[in-house]
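Protein chains in written order, with our numbering: chain A, 675 to 1449; chain B, 76 to 243. The C-beta atom is built at its ideal place from N, Cα and C for all residues, glycine as well. Being a predicted model, the structure only gives us computed values, none of them experimental. What follows is one structure encoded as structure tokens, with my remarks underneath.
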Amino acid sequence: MSVVSGHRARQVNAIGPARFFNHELDVQVRPELGRNGGFALSIRELEMDQVHLELDHEPLVSLRADLREDGTFGDSWLVISPAEACVLSSDHDVRIRVPISDIREAELDRGVGGGSLLLKTDVGPMVLARFSVGLYPKFGYAVTVLNALTKGEEVPLPSERDIPQVCPSCGRPLGEGTSVCPTCLDRGKVIRRLAGFARPYSGRLAVGGLILILATAFQLVPPYVTKLLVDNVLVPHQSSSFTKAVTYLLALVLTLFGVNLLGMLTQSLRGYIGVWCGSRITGDIRHKTYDALMKLSLSYFDRRQTSQFIGRVNSDANSMREFLTDGVVFLVSQILMVLAIAGVMLKMNWLLALLSFATIPLIIVASLVVWPMVHNLWDKQWRSILRLNVLVGDSLQGIRVVKAFGRESSEKSRYNTANQELVMQTTKMEGIWQGVFPMFAFLSSTGGLLVWYIGGRGVLHGTVTLGTLIAFNSYLGMFIGPLQWFSQFMNWLNNTLAAADRIFEILDAKSTVVDRPDTPSLGEVKGAVELQNVTFGYESHRPVLKEISIDVLPGEMIGLVGKSGAGKSTLINMICRFYDPDRGSILIDGHNLRDIQQEEWHKSIGVVLQETFLFDGTVAENISYAYPDATQENIMRVARIANAHSFIMKLPDGYDTLVGERGHLLSGGERQRIAIARALLHNPRILILDEATASLDNETERQIQEALARLVKGRTTFAIAHRLSTLRNADRLVVLDGGRIAEVGTHEELLEQKGAYFKLVEAQRELSKIRGVEG
Amino acid sequence: MEEMFEAKYLNPSSIRLSKSKNGVLEGYVEGKRYAHLSLSRAFPLSLPRQYLAILSHEDKEPQEVGMIRDLDHLDHQSKSAAEQELQLRYVVPTITSIQSIKQEPAFWRWTIETDRGPAELIMRNIHEHVRVMGSSRLILTGVDGRRFELADASTLDGHSKYLLRRYL
Chain A
675 MSVVSGHRAR QVNAIGPARF FNHELDVQVR PELGRNGGFA LSIRELEMDQ
725 VHLELDHEPL VSLRADLRED GTFGDSWLVI SPAEACVLSS DHDVRIRVPI
775 SDIREAELDR GVGGGSLLLK TDVGPMVLAR FSVGLYPKFG YAVTVLNALT
825 KGEEVPLPSE RDIPQVCPSC GRPLGEGTSV CPTCLDRGKV IRRLAGFARP
875 YSGRLAVGGL ILILATAFQL VPPYVTKLLV DNVLVPHQSS SFTKAVTYLL
925 ALVLTLFGVN LLGMLTQSLR GYIGVWCGSR ITGDIRHKTY DALMKLSLSY
975 FDRRQTSQFI GRVNSDANSM REFLTDGVVF LVSQILMVLA IAGVMLKMNW
1025 LLALLSFATI PLIIVASLVV WPMVHNLWDK QWRSILRLNV LVGDSLQGIR
1075 VVKAFGRESS EKSRYNTANQ ELVMQTTKME GIWQGVFPMF AFLSSTGGLL
1125 VWYIGGRGVL HGTVTLGTLI AFNSYLGMFI GPLQWFSQFM NWLNNTLAAA
1175 DRIFEILDAK STVVDRPDTP SLGEVKGAVE LQNVTFGYES HRPVLKEISI
1225 DVLPGEMIGL VGKSGAGKST LINMICRFYD PDRGSILIDG HNLRDIQQEE
1275 WHKSIGVVLQ ETFLFDGTVA ENISYAYPDA TQENIMRVAR IANAHSFIMK
1325 LPDGYDTLVG ERGHLLSGGE RQRIAIARAL LHNPRILILD EATASLDNET
1375 ERQIQEALAR LVKGRTTFAI AHRLSTLRNA DRLVVLDGGR IAEVGTHEEL
1425 LEQKGAYFKL VEAQRELSKI RGVEG
Chain B
76 MEEMFEAKYL NPSSIRLSKS KNGVLEGYVE GKRYAHLSLS RAFPLSLPRQ
126 YLAILSHEDK EPQEVGMIRD LDHLDHQSKS AAEQELQLRY VVPTITSIQS
176 IKQEPAFWRW TIETDRGPAE LIMRNIHEHV RVMGSSRLIL TGVDGRRFEL
226 ADASTLDGHS KYLLRRYL
């Protein structure tokens, strides 16, 4: 075919042990005139020229499976042509051939860590191929192809999610929602990228650099002046008179004073500029990170514990700040210092200079050995801190549950275990450091001893002046000082680069729900919502919604009913566009939801969610959250509609009452009514109510029902309710079961049908009877 | 109401399981023949051989036929069929040795030997991909979702133990 040579090479690879990288992705763009003409994306991993398989048609799909019948790793091949499905062994011997006409249905049977492609045939079930979890998306596509063939439908092209995302240059897998390959992103790039953040401050940084050079120069002067002092003044010369010598002495001392003064001034100035730029750069990074976090889709946060996440972002940003403010200044000044001192020493006495450099390789070798050790320990310590943070976050957020079940002591011991672990890691980590410093001190002082001995002999022989020896020792101290820190500095640099990497990971994470560029404005929303064959799963191979189709008229109220896990909340997430459907589409007034700007869309919908989240702020601020320009009168008007006005007025601070963190100062019903007012304020055309009346007492529920009834009027509404009675006003009820629509109709119609809805109502009646007895 | 929540524990002698020639678990439970069965562990990590649900796949949704208290109560042939089925339904290879753990920029690459053959495991980081169970048991998850188990770190060879100690 079109990429034969490259393909053969890969194929040889694939027969080896079950490796991760090879063959994970083998998508070719083939110049093939498919039914839709032009180029088609297809998954074909097997080079058919090498296989003795007589097929009447070109294969549509060929895939590598990676598990043998006994569950061990081993390759086999699945080839699907329009007429049959074949399985080949790793040596390309044909093992199974099933005509498509014998297949009733194909299914992806998902186990843990691996699964199988199952065929239902007229003679019973049959396993076609077994594979590990990484191949689910590809075999999911194979199932779609087989089912399309059995039904005589058009074979769909693989979508992006059917093909695992890998880095185009190295073939390593990319994380979900990450667009940048972390391996191909080298350390140099991270540094360059960090430097990119410094660009806006390049003017100040240049001034800072100049001052840095000056400061370094001023630090170099004193030992040289000391040398002059010793050689020209203190060591008696016959030629110069006493008064002349004293004048000279005074001049040198005054020079020293001036240099020290200038040194002090330049050093504090350089420090100030470093801090000024560093904190601004970090501020920019934090700002960008937060922006990126806000832009990310919900699916990114679903997989992460929030408390851990916040801690990570904060501590990473902090370690970057420390490095940028202190680290960079330190690095540059020390490099300058080392270079300058080396130059001065070589010029003063090259032999002595070379002698004192003798210990440098030792110091470098030692730091190369110590550094990886320290790095691992540091990583372990970081993980321990993380565990502790998660634990604290967890138990403090759930403190009510902890107290209610009297589990304080077990929480304490859980904390204690993690704490002990951290103590151990810290001891190890710091212990190593305590050993490292004396070692470096010893190594560097050994170099000093050599200078004293050789230089001292030179002084005795008269080849080296006393001033030179004294200046030399001062320089040597200044020279070795930074070298000792260099190894620690490498560690620091590495931690910072790792932190920067983690921050960049967030910056690079791709939102899975993306606005298309140049999407036209939606204009006035009428509120017609149409779902066409919407299929979606939080994990691409595990659909929660299956081919949902429903046409909702403007102003219609739809009640969503079903057991928990039936997909009600997921359906609402789709309409809110928290996620995009895997297949099918959602149309708003005939426009595809994907083509509508998210911000614009979210302005035309009002949402009251199951968990009413109030932000730390006043009642008025919370009501006007989505519409900060709202007038006081408007706020009070919507609060009245939401039946919230009267209870708010009873609060001593009225609308200025602070609700406390997460609104804990208000009751559930009160929070709910504020949330309803919030959803109402921007007069949305489409309203989404997710269990808005769950877990409330009857009186509160009545008040909220009243509020909702007013709210719903004239708006397209999707409502989920725990109590079916609350949905009686709905124009139509949609009963979901296992991700599919089981029934659609009015309350009365569905009761007459005696189907799934009838059963749900009966079950609830039973429940309320029990409640009645208990009450 | 109460009996609804009572599990149906099957009499081990009423269960005959075997593997069909098409690779599917089939058999008899309490005298009834099922053409397509599967097993599901209630505690896959802590009690892998106890409390297994037998599911029948005759209908659209799998139905629980009943529960087996202990795999070892089954007759020899049924037990080996069940073990095979579990092996395929829970693809969690056990790590027998660790060849190398390398840190690439933002990736940890483990080259390992497992009871099912050699494998390479890619992790984005340690803290999200390694779950510590008990004192020396680890569950490792790769970026692709493949899971590996390290049943007892203390039984590994010296090199593997050295690598684990160094990085974990």
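Can you name the residues that DSSP bridges to N647 of chain A? Given a span of 675 to 1449 for chain A in the structure shown, any question on residue 647 of chain A remains unanswerable.
Let me know if K901 of chain A comes out buried or exposed under the rule of 16 or more other beta-carbons within 10 Å of its beta-carbon. buried
Tell me which residues of the segment 97-118 of chain B have at least one Cβ-Cβ distance to chain A shorter than 7 angstroms, keeping chain order. N97, G98, V99, A110, H111
Per the DSSP calculation, D1364 of chain A is bridged to which residue(s)? A:I1394
Might you give, ordered along the chain, the residues of its own chain that have their beta carbon closer than 7 angstroms to the beta carbon of I1297 of chain A, omitting 5 neighbours on each side? Hits under 7 angstroms: I1309, V1312, A1313, I1348, A1351, R1352, L1355.
Cβ neighbour criterion (16 or more within 10 Å) applied to T1390 of chain A: buried
Rounded to a whole number of angstroms, what is the C-alpha to C-alpha distance between L1363 of chain A and N1247 of chain A? 11 angstroms
Output the boundary residues of the alpha helix (DSSP H) element that contains D965 of chain A. Unbroken alpha helix (DSSP H) run through D965 of chain A: 916-969.
What is the DSSP secondary structure of N1266 of chain A, counted as helix, strand or coil? In the three-state scheme derived from DSSP, where H, G and I count as helix and E and B as strand, N1266 of chain A is classed as strand.
Looking at V1187 of chain A: is its Cβ nearer than 7 angstroms to the Cβ of S971 of chain A? yes
Where the beta strand (DSSP E) containing H731 of chain A begins and where it ends: Premise fails: H731 of chain A is in no beta strand (DSSP E) and is neither H nor E.
Select from A:G1211, A:I1262, A:L1261, A:W1024 the residue whose C-alpha is nearest the C-alpha of Y1253 of chain A. A:G1211
Go ahead and label H234 of chain B buried or exposed: buried means 16 or more other beta carbons lie within 10 angstroms of its beta carbon, across all protein chains shown. With fewer than 16 Cβ atoms within 10 Å of its Cβ, H234 of chain B is classed as exposed.
Mind checking whether P773 of chain A and V99 of chain B have CB atoms under 7 angstroms apart? no
Going by beta carbon distance, what residues of the same chain come within less than 7 angstroms of D734 of chain A, once the five residues before and after it are set aside? The displayed chain sequence assigns Leu, not Asp, to residue 734 of chain A. Excluding residues within five positions, the ones whose Cβ falls inside 7 angstroms are I754, S755, P756, V819, V829.
Compare the Cα-Cα distances from G1334 of chain A to each of A:P1326, A:I1322, A:V1293 and report the closest residue. The shortest Cα separation from G1334 of chain A among A:P1326, A:I1322, A:V1293 belongs to A:V1293.
On the CB-based measure, 16 or more other CB atoms within 10 Å of its CB, does K135 of chain B come out buried or exposed? Counting the other CB atoms within 10 Å of its CB gives K135 of chain B a total below 16, which places it among the exposed residues.
Output the distance between the C-alpha atoms of Y84 of chain B and L161 of chain B, rounded to the nearest integer angstrom. 19 angstroms
With a CB to CB cut of under 6 angstroms and the five nearest residues on each side skipped, what residues in its chain are close to S1058 of chain A? E1095, L1096, Q1099
Name the residue from A:V933, A:L939, A:V899 whose alpha carbon lies nearest to the alpha carbon of I885 of chain A. A:L939
Report yes or no: is there a C-beta of chain B within less than 7 angstroms of the C-beta of P799 of chain A? yes
Helix, strand or coil for I176 of chain B? Go by DSSP, reduced to three states. strand
Using 8 angstroms as the cut-off, can you tell me whether the segment 217-225 of chain B makes contact with the segment 160-174 of chain B, which would need three or more C-beta pairs spanning the two stretches below that distance? The answer is yes - the segment 160-174 of chain B touches the segment 217-225 of chain B, with three or more Cβ pairs under 8 angstroms.
Backbone CA spacing between L1410 of chain A and S1259 of chain A [nearest angstrom]: Going from the Cα of L1410 of chain A to the Cα of S1259 of chain A covers about 18 angstroms.
Just to confirm the assignment, what range does the alpha helix (DSSP H) spanning R1352 of chain A have? 1342-1355
Excluding sequence positions up to five away, which residues of its chain have a Cβ less than 6 angstroms from the Cβ of E1204 of chain A? D1225, L1261
Give a yes or no on whether the minimum CB-CB distance between G209 of chain B and chain A is below 7 angstroms. False, the Cβ-Cβ gap to chain A never drops below 7 angstroms.
Have a look at G1291 of chain A and P1217 of chain A and give me their C-alpha separation to the nearest angstrom. One alpha carbon belongs to G1291 of chain A, the other to P1217 of chain A, and they sit about 39 angstroms apart.
What's the C-alpha gap between L671 of chain A and A1316 of chain A? In the structure as shown, chain A starts at 675 and stops at 1449, and residue 671 of chain A therefore has no counterpart that could be examined.
Return the first residue and the last residue of the beta strand (DSSP E) that A1383 of chain A is part of. A1383 of chain A -> not in any beta strand (DSSP E); alpha helix (DSSP H) instead, spanning 1372-1386.
Can you say whether N97 of chain B is buried or exposed, counting buried as having 16 or more other CB atoms within 10 angstroms of its CB? buried
Decide if V907 of chain A is buried, meaning its Cβ has at least 16 other Cβ atoms within 10 Å, or exposed. buried
State buried or exposed for Q893 of chain A, treating a residue as buried only when at least 16 other CB atoms are found within 10 Å of its CB. Q893 of chain A is buried by the Cβ-count criterion.
Can you tell me where the beta strand (DSSP E) with L101 of chain B in it begins and where it stops? It should be pointed out that residue 101 of chain B corresponds to Glu in this sequence rather than to Leu. Counting along the chain, the beta strand (DSSP E) containing E101 of chain B begins and ends at 100-104.
Where S1195 of chain A falls: helix, strand or coil (DSSP): Coil, per DSSP.
Per DSSP, G1233 of chain A is paired with what? A:A1393, A:L1407
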